[in-house]
Amino acid sequence: MCGIIGMIVKPGALREPLGLALYKCLKNLEYRGYDSVGYAVVRADGSLVIRKSKGKIDDVFEKLGFLDVDGLVGIGHTRWATHGRPTDINAHPHTDCGGRVVVVHNGIIENFIELREWLESRDHIFRSETDTEVIPHLIEEFKRLGLDSYSAFKRAISVLRGAYAIAAVDLDTPDRIYFARNTSPLVVGFGDGVTFVASDIPAFLNYTRRVLVLRDREVGYATASEVRVEVVEPSELESSDPPSSEVVNYVGRVRLVEWSAETVSKGGYPHFMLKEIHEQPYALAQTLAGMVEQVGKVIDLLAGAERIVLVGAGSSYHASLAGSLFFANLAEIPSMTVVSSEAVWYVKAWGKGDVVIAVSQSGETIDTLLAVREARKRGAKVIALSNVIDSTIPRESDVAIYTRAGPEIGVAATKTFTTQVVSLLYMAATVGVKRGVLPSREFDLLLSDLRRASELAVEILSRVGDPAKRLAENVFAGSRSCYYLGRGVGLAVAMEGALKVKEVAYVHAEAYPAGESKHGPIALIEKGFPTLFIALSNEDAELISSNVEEMKAREALTIAVLPNNTKIRYLDNVIEIPRAHPYVLAALAVIPLQLIAYFTAVARGYDPDKPRNLAKTVTVV
Ligand code: M6R
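Heads up: the sequence shown begins at 411 in my numbering, then just goes up one per residue.
Printed below as a string of structure tokens:
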């Protein structure tokens, strides 16, 4: 996730240099990414100033000193690296060969390799490792082929596949900012003599509250006083026809937002945790878009492994538990998960033939890092699965795979957990096919549900908010203790749900294999003791039914998260989620549990973003 901003102003409309205004806008987008920053301004004399660097916004602005740079049009970017390490060269904006077209982008261009090869065969020289850089070169190439600036921009957009929010300036038309959106968010702000395009409304709230939220495939340009929007259809690279397009009458969609200053960086949500829970559909789409390309890097290594060992801490440990079950069942490779801080007791048996997958959203957790170092010392190959590009664990591993969920600010892992689970699932299934143990028909069924993960997450979020809030307020907020029980991959979900309510709402929650509950934990059950079951399929439900009965016979308060139309008797409360492959639901069934934890914390008067005694990243053993 990155933040982009574009501003175009009438002479005299701003009471400050454009560089300062862009800085203020970027500061409001800093929550979207902060590993590099950059901007481009066209000065009144027509010259282009580009400044960019690795680092946080304040440090970079201080170092490069561009607050006083002035002009009438500019674009800026705060980066969360996805393609290419966070370096000065990879920082946005990016330009064409001639240095006349300048672009900022948020998202992932899935076909960038093909586009880059095509452009290189036409003598374009690339400077960065980013997917974004294909965009200015495409615009330049289509201009060389005879199109005017706007037509070249539309043509370039029509050949991109993937997720993007783009702002571009061409020195041949300095009175316009071109923009385009697909999947990645982009909004237009209408000020007095100034027009904005930005990744999010908070960017320009200091200047205007009149907003147009762009829709997928909308493309257009803004001047200081007008905005044109069209829908542009995809086209093929080699096609000689212009892409078909239709002008959009957006006037009825412009609205006035009423947000307070303190909620802006939270995008209108009261807490980052709730915002990040709601970002899961987008995060899942981003992860899956990137996974197809990334898994190619590790498939041979994994398929040839004699054993796969996953290591992780906290939520990453729970995702790893799901992962080892996927590798055992889909790829039939002996696999196990070890919690990072305990890895030291197992490492003697690690060595050649082992592939260790180190799961860590931050990429900095010291326990996981130490396990990585031990594993490599003993000859095992290490794959890092992380959300932070170029963090220590990916850097010290043999190969790195990124979840691309965007920055997670809340201390509780939410979107990083779900994206870890789908990443591991995609890897295991692909390896299963490669090893010839997962029939392609089964792989296709799994893949078709995996591709719907984002859509299913939207459905879950729209359905489970109210029941989760009611349970939080009426049951969990008043309980001192509870059980979360599941079987198979549902156990990993139960463990993650229990961790959430423990860490943000301070309710003691214990997760157990449902079948194990009668071997001790059931002794604690008394009237009204909340016992939450996870079942992800009819088979799970059948097995869990008897555990529910056992709990109910002791007057527990029984709750279950179940796919639609699953029958289990003796349940006091049911939260229904859509039906899908149970392994895909392993990622999604945690959403109601995240919401229960969130609403319980709020009902008990706690700030879920800053739980006591916890840090987002634990760098001490
Ligand atoms: O950055 P990592 O994934 O390595 O972090 C691991 C744990 O510290 C982390 O998952 C922690 O348990 C979260 N607070 C869970 O919500």
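From the three backbone atoms N, C-alpha and C, an ideal C-beta is built for every residue, glycine too. The structure displayed is predicted, hence computed values, not measured ones.
| field | Distance, Val483 Cα to Val629 Cα | value | 18 angstroms
| Considering Leu780, what are the terminal residues of the beta strand (DSSP E) in which it resides? | Counting along the chain, Leu780 falls outside any beta strand (DSSP E), though it belongs to the alpha helix (DSSP H) covering Ile776 to Lys787.
| query | By the 10 Å Cβ neighbour count, where 16 or more other Cβ atoms means buried, how is Arg665 classified, buried or exposed? | reply | exposed
| query | Any heavy atom of the ligand M6R closer than 6 angstroms to the Cβ of Gly816? | reply | no
| query | Is there contact between the region 762-774 and the region 854-872, where contact requires at least three CB pairs shorter than 8 angstroms? | reply | no
| message | Only counting the same chain, and skipping five residues up and downstream in sequence, which positions put a Cβ closer than 6 angstroms to that of Asp580? | response | Val511 and Ser559
| task | Taking all protein chains shown into account, decide if Ala732 is buried (16 or more other Cβ within 10 angstroms of its Cβ) or exposed. | result | buried
| request: Starting from the Cα of Arg897, find the closest Cα among Gln696, Ser927, Tyr916 and Ala822 and give me that residue. | output: Ser927
| task | Would you mind sorting Leu428 into buried or exposed? The rule is 16 or more other CB atoms within 10 Å of its CB. | result | buried
| request: Determine, using beta-carbon pairs with one atom in the region 923-942 and one in the region 1008-1025, whether at least three such pairs fall under 8 angstroms. | output: no
| Relative to the C-alpha of Leu439, which residue among Tyr893, Tyr980, Pro817 and Ala963 is closest? | Pro817
| query | Would you say Gln704 faces chain C, with C-beta separation under 7 angstroms as the test? | reply | The structure shown contains no chain C; it holds only a single protein chain.
| query | How should Arg425 be labelled, buried or exposed, when 16 other C-beta atoms within 10 angstroms of its C-beta is the threshold for buried? | reply | exposed
| query | Straight-line CA distance for Ala723 to Glu752? | reply | 10 angstroms
| For the 8 angstroms Cβ check, are there 3 or more pairs between the region 525-543 and the region 590-607? | no
| query | Whole beta strand (DSSP E) runs in the region 806-835 with 3 or more residues, listed along the chain? | reply | 809-812
| task | Please go through the same chain and pick out, in chain order, the residues whose beta-carbon is closer than 8 angstroms to the beta-carbon of Lys420, but skip the five residues on each side of it. | result | Leu482, Gly603, Val604, Ala634 and Ser635
| query | What is the C-beta distance between Ala945 and Leu909, in whole angstroms, given that I count them as a contact (C-beta under 8 angstroms)? | reply | Not quite, the Cβ-Cβ distance comes to about 20 angstroms (not below 8 angstroms), so this is no contact.
| task | Find out if the Cβ-Cβ distance for the pair Lys791, Asp808 is shorter than 7 angstroms. | result | yes
| said: Buried or exposed, going by whether 16 or more other CB atoms sit within 10 Å of the CB of Ile1001? | reply: buried
| request: Spatial neighbours of Ala671 within its chain, please: CB distance less than 8 angstroms, with the 5 preceding and 5 following residues excluded, ordered by chain position. | output: Caution applies to Ala671, whose pLDDT of 48 falls short of 50 and renders its modelled position unreliable; the model cannot decide the point.
| message | So, with DSSP's three-state summary, where would you put Phe522? | response | helix
| request: Determine the DSSP secondary structure at Pro877, reduced to helix, strand or coil. | output: helix
| Backbone CA spacing between Pro584 and Arg453 [nearest angstrom] | 10 angstroms
| Taking the alpha carbon of Ala839 as the point to measure from, which residue in Gly706, Ala431 and Leu624 has its own alpha carbon closest? | Gly706
| task | Between the Cα of Glu656 and those of Trp755, Thr802 and Lys564, spot the shortest distance and give me the residue it belongs to. | result | Lys564
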